[in-house]
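See structure below.
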């Protein structure tokens, strides 16, 4: 049985969660009760019948740390934001040869005091190539994942999501943070994503990847770089600016 092990990713260079442009940095913050944890990096696509391939990391074992659990912020709609220390940072190569643009998953595995591996969680993110035009822009619904995410706060149990059934005491939130772990193992959106990603790459479609937050920040570039935008799977929560950019690109 696994103990506490959870994490999330944020790019300090791009100032966005779960997304990083080529040549940028991706900070990974991990909360765990284990003295150490192992990190492995996987890219999804089409790899001879397999949906993913492992990208070797220069360092894979890191010291664990029990991070401080946040409390709801009464000045900001009781939003729960974990302000954790950075556990490790990924440097994304600028040439993308070792780490191509696409959909990625970091596998976290706890290591106990006897050296045994215990528990496993996952941290999804994308690598972008903002400079390269592509026929298809594939948008992943990370914002929708967080809308449903009932990750807990310092009081334990459920935290707050947009829905009562995944919120503490059945009180749903009107606002949630995008920078926090998932309440389950971090693979909530995988079933909606990996099949389509594999199909697109197997059939050699010209694709690039993005998230809703990325479109909110840079959606004005879509008409200059892309012929169509694909919204994969469960993707119902958009910002007003994101919607405006998509509609104006028609």
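In my numbering, the protein residues as written are 361 to 610.
In this text, a Cβ means the ideal position worked out from N, Cα and C, and glycines have one as well.
Beta-carbon proximity list for residue i, same chain, < 6 Å, skipping 5 on both sides
| i | result |
| --- | --- |
| residue 407 | 413 |
| residue 361 | Here the model assigns residue 361 a pLDDT of 44, short of 50, so the residue's position is not dependable, and the following value carries that caveat. Counting only Cβ-Cβ distances below 6 Å, and skipping sequence neighbours, we find nothing. |
| residue 523 | 532 |
| residue 382 | 452, 454, 456, 489 |
| residue 549 | 505 |
Selection from the options that minimises the alpha carbon distance to residue i
| i | options | result |
| --- | --- | --- |
| residue 517 | 532, 584, 543, 536 | 543 |
| residue 541 | 506, 461, 562 | 506 |
| residue 596 | 375, 503, 474, 476 | 503 |
| residue 583 | 494, 366, 367 | 494 |
| residue 447 | 466, 424, 527, 592 | 424 |
| residue 594 | 491, 490, 572 | 572 |
| residue 401 | 392, 449, 558 | 449 |
| residue 565 | 496, 599, 490, 545 | 496 |
| residue 470 | 549, 404, 527, 392 | 392 |
| residue 419 | 464, 510, 397 | 397 |
| residue 559 | 409, 388, 525 | 409 |
| residue 576 | 598, 524, 569 | 598 |
| residue 581 | 561, 562, 610, 557 | 610 |
| residue 365 | 563, 606, 557, 545 | 545 |
| residue 421 | 529, 468, 474 | 468 |
| residue 477 | 520, 388, 394, 586 | 394 |
| residue 537 | 585, 510, 389 | 510 |
| residue 363 | 473, 415, 388 | 473 |
| residue 492 | 411, 547, 585 | 585 |
| residue 547 | 480, 601, 415, 405 | 480 |
| residue 411 | 590, 463, 529, 475 | 463 |
Host alpha helix (DSSP H) of residue i (start-end)
| i | result |
| --- | --- |
| residue 426 | First-last for residue 426: undefined, no H or E at that position. |
| residue 506 | 502-508 |
| residue 608 | 600-608 |
| residue 557 | 550-562 |
| residue 374 | Careful: residue 374 lies outside any alpha helix (DSSP H) and carries neither H nor E. |
| residue 578 | 572-578 |
Own chain partners of residue i with C-beta closer than 7 Å, once the 5 adjacent residues on each side are dropped
| i | result |
| --- | --- |
| residue 384 | 371, 373, 374, 452 |
| residue 539 | 368, 370, 377, 441 |
| residue 605 | 575, 579, 580, 582 |
Test: residue i CB closer than 7 Å to a CB of chain B
| i | result |
| --- | --- |
| residue 486 | Although the question refers to chain B, the structure presented lacks it and comprises just one protein chain. |
Beta-carbon proximity list for residue i, same chain, < 8 Å, skipping 5 on both sides
| i | result |
| --- | --- |
| residue 443 | 428, 430 |
Run of the beta strand (DSSP E) containing residue i, from where it starts to where it stops
| i | result |
| --- | --- |
| residue 486 | 477-488 |
| residue 467 | 462-471 |
| residue 451 | 448-451 |
| residue 582 | Taken as a continuous stretch (DSSP letters only), residue 582 belongs to no beta strand (DSSP E), being part of the alpha helix (DSSP H) at 582-585. |
| residue 387 | 385-392 |
| residue 438 | Residue 438 -> no beta strand (DSSP E), and no H or E assigned at all. |
CB-CB length for residue i against residue j, believed under 8 Å
| i | j | result |
| --- | --- | --- |
| residue 592 | residue 498 | 6 Å |
| residue 490 | residue 578 | 7 Å |
| residue 388 | residue 466 | 6 Å |
| residue 608 | residue 461 | Not confirmed; about 24 Å, so no contact. |
| residue 399 | residue 417 | 6 Å |
| residue 527 | residue 508 | The pair is not a contact, with the Cβ atoms about 10 Å apart (cut-off 8 Å). |
| residue 512 | residue 519 | 5 Å |
| residue 561 | residue 405 | 4 Å |
**Message:** Does the contact criterion of 3 or more C-beta pairs under 8 Å hold for the segment 378-395 versus the segment 470-490?
**Reply:** yes
**Message:** Within 8 Å, do at least three Cβ pairs link the segment 432-450 to the segment 532-541?
**Reply:** yes
**Message:** So, does the segment 553-571 touch the segment 449-457, judging by three or more C-beta pairs under 8 Å?
**Reply:** no
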